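A short worksheet on the structure shown next.
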Amino acid sequence: MSSISRRGFIKGATLSPLTFTAMAQQNSSLGPNNQFDFVIAGAGHNSLLSAAYLAKAGFSVVVLEGRAMIGGGAKTAEVLFPGFKQDLCSTVHSGFAANPAYRNNEINLRDFGYELMDPEIVVHIPFLDGASLTVFRGDVDRTAETIAQ
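For the sequence shown, my numbering begins at 31 and goes up steadily by one.
Below, the structure written as structure tokens:
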């Protein structure tokens, strides 16, 4: 991976919201006579999961989202570097691995490209003096080495 300067990082972080902003469409595929069993407001990950379960149970469901991109706090995108996937909102969804929706593939999330990523490095914190702290997933010894430095 190539290195990045502080200025480059800030520039990328400043421009990243523009990548995910789009003008709202004025037209809609919903007509005045559409009826649904459930109307879900917002297309965040919890709303989408709820809508999927309701639809699987046979209910008619519509999900309304005011933004151009769905996903709420569960967005990941390549913003700073090609191939480097960055969490855009929340940082931890590790508890979802135990959720039956994912664990048992109850609503076929994997078929739609959903993937949980468990990177080797959980967090890396650089300090102004050049030192850093890195926490490695499941490796206490390597983490302790970075603390000792």
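Cβ atoms here follow ideal geometry from the backbone N, Cα and C, with glycine treated the same way.
Being a predicted model, the structure only gives us computed values, none of them experimental.
CA-CA distance, residue i and residue j?
i: GLY125; j: PRO149; result: 15 Å
i: GLN56; j: GLY96; result: Bear in mind that the predicted position of GLN56 carries a pLDDT of just 47, short of 50, making it too unreliable to give a figure here.
i: LEU118; j: GLY72; result: 17 Å
i: ASP169; j: ILE100; result: 35 Å
i: LEU84; j: LEU60; result: 19 Å
i: ILE137; j: VAL165; result: 33 Å
Give the secondary structure of residue i by DSSP, where H, G and I count as helix, E and B as strand, and everything else as coil.
i: LEU94; result: strand
i: GLU145; result: coil
i: ASP171; result: helix
Span of the beta strand (DSSP E) holding residue i?
i: ILE155; result: 151-156
Is it right to say residue i is buried, meaning 16 or more other beta carbons lie within 10 angstroms of its own, or is it exposed?
i: ALA54; result: Its pLDDT being 41, under 50, ALA54 is placed unreliably by the model, and nothing is read from it.
i: ALA52; result: Confidence in ALA52 is poor, its pLDDT being 41 and thus under 50, which makes the residue's placement too unreliable to answer from.
i: ALA81; result: buried
Provide the residue span of the alpha helix (DSSP H) that contains residue i, from first to last.
i: LYS105; result: Here LYS105 belongs to no alpha helix (DSSP H), and DSSP marks it neither H nor E.
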